[in-house]
Amino acid sequence: MARRYDTRTTIFSPEGRLYQVEYAMEAIGHAGTCLGILASDGIVLAAERRNTNKLLDEVFFSEKIYQLNADMVCSVAGITSDANVLTNELRLISQRYLLQYGESIPCEQLVSWLCDVKQAYTQYGGKRPFGVSLLYAGWDHQYGFQLYQSDPSGNYGGWKATCIGNNSAAAVSMLKQEYKEGETKIDDALALAIRVMSKTMDATKLTPDKLELATLTRHDNKTYIKVLPVAQVKALIADHEKKEAAEAAKSKPSPAYTPKGVEYPTYTESPGSKPAVYPSAAYSEAPASESEYPYNNIPEKNGVSKGISFNSDFPKFDDFVQHVENIKFDQFKI
Amino acid sequence: MYANPNSIINPSLWPNGPAPGCFFNFPGANVTSTSSSSGIITRTQSPVTTGTSILGLVFDGGVMLAGDMLGSYGSMAKFRSIERTIKVNNSTVLGATGDIADFQHLKAIIEQKVIDEDCADDGFTLKPKALHTWLTRVLYNRRSKFDPLWNTFLVAGIEDGEPYLGCVDKIGTAFSDSKIATGYGAHIALPLMREGLEKKPQMTQEEARALLINCLRVLFYRDCRALNKHQIATITKEGVTIENNIELDTNWEVANFVIGYE
Chain A
1 MARRYDTRTT IFSPEGRLYQ VEYAMEAIGH AGTCLGILAS DGIVLAAERR
51 NTNKLLDEVF FSEKIYQLNA DMVCSVAGIT SDANVLTNEL RLISQRYLLQ
101 YGESIPCEQL VSWLCDVKQA YTQYGGKRPF GVSLLYAGWD HQYGFQLYQS
151 DPSGNYGGWK ATCIGNNSAA AVSMLKQEYK EGETKIDDAL ALAIRVMSKT
201 MDATKLTPDK LELATLTRHD NKTYIKVLPV AQVKALIADH EKKEAAEAAK
251 SKPSPAYTPK GVEYPTYTES PGSKPAVYPS AAYSEAPASE SEYPYNNIPE
301 KNGVSKGISF NSDFPKFDDF VQHVENIKFD QFKI
Chain B
1 MYANPNSIIN PSLWPNGPAP GCFFNFPGAN VTSTSSSSGI ITRTQSPVTT
51 GTSILGLVFD GGVMLAGDML GSYGSMAKFR SIERTIKVNN STVLGATGDI
101 ADFQHLKAII EQKVIDEDCA DDGFTLKPKA LHTWLTRVLY NRRSKFDPLW
151 NTFLVAGIED GEPYLGCVDK IGTAFSDSKI ATGYGAHIAL PLMREGLEKK
201 PQMTQEEARA LLINCLRVLF YRDCRALNKH QIATITKEGV TIENNIELDT
251 NWEVANFVIG YE
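Residue numbers (the UniProt record's numbering), protein chains in the order written: chain A, 1 to 334; chain B, 1 to 262.
In structure tokens, the structure reads:
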């Protein structure tokens with residue numbers, strides 16, 4: 001039934017639907033996830049990077065996050081080439097406004113203008129719609145920090161937290177439960193973003209090359225847009241994993257949070273028990289001489305680094321968990 | 001910016017196609033052609049009905065604009081109640097020297113801009129610097145097409161709590177300063193304003209008014225295209241007040257000292 005009415009954008013179907021627009025949104029549903037969270041002192045944008053091929057030359061600093069003008073940044077989900085056309089146009093619109101009025105374009109006016117363009121492509125000309133949804137994060141002096149989302153139909157809305165792309169519905173429902181309006185600062189928003197992304201992304205494990213994070217903040221009457229460097233993303237992911245492991249240790253997590261029905265391992269062993277890969281060399285051999293500090297020359301065994309404290313009989317559980325990436329535990333694989 | 005298919009920001013999407021946010025003009029619906037194809041020759045004009053100087057002065061807490069109310073038809077004092085200083089919104093005032101018709105054309109466009117802003121209802125209002133920048137772009141683009149708007153504009157207002165005074169002329173030269181005068185005022189009144197500001201950089205409103213009235217009087221004595229009927233516009237944080245029909249006392253006994261006037 002749908003087939004006769006979906007070839008041209010400029011016609012309705014008998015049920016009153018615009019199939020091309022819906023198909024465009026379907027295309028976006030297969031693209032990499034992007035989410036945005038509004039905090040009281042800034043905005044966080046997180047995006048899943050799909051092109052992690054090692055052969056790719058590092059031409060672009062960011063695959064999905066684009067700065068539009070001094071006070072706005074956007075992230076895209078959908079057909080990349082369409083997204084390039086739209087972000088270029090957004091930048092041109094901002095600069096034309098800046099040239100005409102000498103000040104930055106208000107956020108909503110920029111979003112609204114582009115959405116008028118997107119809408120025109122659903123009504124005239126016989127051209128297909130743009131297969132891109134965008135998340136816009138910006139600041140202006142009237143409304144402060146704002147987060148907008150637009151889709152191929154040309155519709156847009158202002159959000160406190162939202163998600164587009166793959167698994168976006170799951171992410172939005174998770175944000176609905178966890179987002180605390182008025183109590184979220186940038187650090188909370190970053191932690192929440194990582195938490196949500198780790199659940200919705202295809203990858204089994206979050207790594208810095210698969211995740212892009214950007215923040216928009218204001219200091220001294222100036223907007224600062226920062227795409228977080230790899231080291232910082234790595235640190236945030238590590239924090240997240242630490243917290244998650246600590247949570248899992250406390251109690252069995254609720255079924256809603258287990259992805260794809262996999263059970264989280266429970267730490268039924270006491271923290272002090274020695275796992276198989278723990279280096280025994282330090283304890284089985286006597287120190288070389290009394291004067292020499294016995295623990296300086298402990299060889300690295302099975303990837304456990306020397307950072308572990310040997311001051312007590314057994315290492316502390318936290319030290320252990322910090323280096324969980326280096327230890328291969330089959331039971332921890334998710 | 002909203003719903004205006006002819007503005008610079010809204011080019012049409014494809015040939016004869018829609019301007020976004022507006023209705024599609026189907027080809028053949030309107031047979032009116034655009035000015036570019038009508039064969040009108042445009043070149044530098046000469047002004048017809050003109051206004052003389054406008055003076056602008058920044059004082060402590062605001063800006064003041066002053067100018068007379070004359071539209072001269074060459075050397076004839078034809079229109080003697082022309083308001084050459086207009087209120088744009090609660091924080092901006094615009095004054096114009098030069099061709100009155102060109103000023104009225106831009107006045108209508110600016111008033112429409114204010115209405116469009118009101119309709120958008122998004123809390124954003126036109127600020128003095130934004131108006132100044134926009135005027136600069138318009139005037140420069142017109143000059144570049146050899147079809148200038150034959151005016152010099154003074155934009156005055158409060159920008160982010162601070163007083164702002166800017167000037168643009170018909171070729172698009174733009175600058176801002178604490179004291180500006182256009183036309184003959186630049187030669188006659190500006191030195192008086194500079195002297196006054198040097199003595200007291202942060203004047204009170206009354207002192208600024210006294211200084212401007214003195215300048216207006218001197219201009220009436222010396223400028224042949226001036227009238228003794230003035231407008232004074234004051235912009236402060238509280239808002240805009242424009243006083244019309246101010247007439248000054250003059251003493252023409254000085255004429256006796258001019259040699260050759262017996």
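Note that CB positions come from ideal geometry on N, CA and C, so glycine has one too.
Chain B contact residues for residue i, given Cβ-Cβ distances below 7 Å
i, result
"A:LEU99", "ARG137"
"A:PRO129", "Chain B residues near A:PRO129: none, gap ~13 Å exceeds 7 Å."
"A:PRO152", "Correct list: empty, because the minimum Cβ distance to chain B is about 14 Å."
CB of residue i within 7 Å of CB of residue j, strictly
i, j, result
"A:VAL111", "A:TYR148", "yes"
"A:SER81", "A:ALA47", "no"
"B:LEU65", "B:ARG80", "no"
"A:TYR101", "B:THR182", "no"
"A:THR217", "A:GLY36", "no"
"B:ASP60", "B:GLN202", "yes"
"A:LEU206", "A:ILE237", "yes"
"B:ILE100", "B:THR173", "no"
"A:LEU68", "A:ARG91", "yes"
"A:TYR136", "A:PRO129", "no"
"B:THR152", "B:ASP177", "no"
"A:LEU213", "A:LEU228", "yes"
"B:LEU219", "B:ILE188", "yes"
"B:GLY98", "B:THR236", "no"
Within chain A, partners of residue i - CB distance below 8 Å
i, result
"B:GLY123", "GLN142, TYR143"
Euclidean distance between Cα positions of residue i and residue j
i, j, result
"B:LEU216", "A:GLY182", "57 Å"
"A:TYR283", "A:LYS242", "Since pLDDT at A:TYR283 reaches only 40, below the 50 mark, its modelled position is unreliable, and no value is offered."
"A:GLY16", "A:GLU22", "12 Å"
"A:HIS30", "A:ASP71", "30 Å"
"B:LEU57", "B:ALA208", "7 Å"
"residue 266 of chain B", "B:THR52", "Here chain B has residues from 1 to 262 only, and residue 266 of chain B is not among them."
"B:PHE124", "B:ASN89", "12 Å"
"B:TYR164", "B:LYS127", "10 Å"
"A:GLN232", "A:ARG195", "15 Å"
"B:GLY260", "B:LYS179", "35 Å"
"A:ASN53", "A:MET201", "17 Å"
"A:GLN123", "A:ILE11", "8 Å"
"B:ILE232", "B:ARG222", "20 Å"
"A:ALA248", "A:HIS240", "12 Å"
"B:GLY185", "B:PRO191", "9 Å"
"A:ASN166", "A:GLY157", "19 Å"
"B:VAL240", "B:SER91", "7 Å"
"A:ASP140", "A:PRO106", "6 Å"
"B:LYS113", "A:LYS64", "36 Å"
"B:LEU139", "B:GLU243", "28 Å"
"A:ALA288", "A:GLU178", "Note that A:ALA288 scores 44 on pLDDT, short of 50, meaning its location in the model is unreliable and no value can be drawn from it."
"B:PHE257", "B:PHE103", "38 Å"
"A:TYR19", "A:THR9", "7 Å"
"A:ASP220", "A:GLN142", "17 Å"
Partners in chain A for residue i, counting only beta-carbon separations shorter than 7 Å
i, result
"B:THR92", "Result: empty, since nearest Cβ-Cβ is about 13 Å, beyond 7 Å."
"residue 264 of chain B", "Residue 264 of chain B cannot be examined here, being either before or after the span of chain B that is shown, 1 to 262."
Counted within 10 angstroms of its Cβ, other Cβ atoms place residue i as buried (16 or more) or exposed
i, result
"A:GLU108", "buried"
"B:CYS167", "buried"
"B:LYS129", "buried"
"A:LEU45", "buried"
"B:CYS224", "exposed"
"A:GLY138", "buried"
"A:SER150", "buried"
"A:ASN88", "exposed"
"B:ILE109", "exposed"
"A:THR204", "exposed"
"A:LEU175", "buried"
"A:PRO208", "buried"
"A:LEU55", "exposed"
"A:ILE225", "buried"
Within chain A, the residues that residue i reaches when beta carbons sit closer than 9 Å
i, result
"B:LYS129", "TYR101, GLY102, GLU103"
"B:TRP134", "GLN100, TYR101, GLY102"
Interface residues of chain B facing residue i [CB-CB closer than 8 Å]
i, result
"A:GLU89", "By Cβ distance, chain B contributes nothing, its closest Cβ being about 10 Å from A:GLU89, past 8 Å."
Proximal chain B residues relative to residue i, where beta-carbon distance stays under 9 Å
i, result
"A:PRO106", "ASP122, GLY123, PHE124"
Cβ-heavy atom distance, residue i to the ligand MN, below 6 Å
i, result
"A:LYS127", "No copy of the ligand MN appears in this structure; indeed no ligand is present at all."
Legend entry - At least three beta-carbon pairs within less than 8 Å, the stretch 151-169 of chain B to the stretch 85-102 of chain B: Note that the stretch 151-169 of chain B touches the stretch 85-102 of chain B; at least 3 beta-carbon pairs, one per stretch, sit closer than 8 Å.
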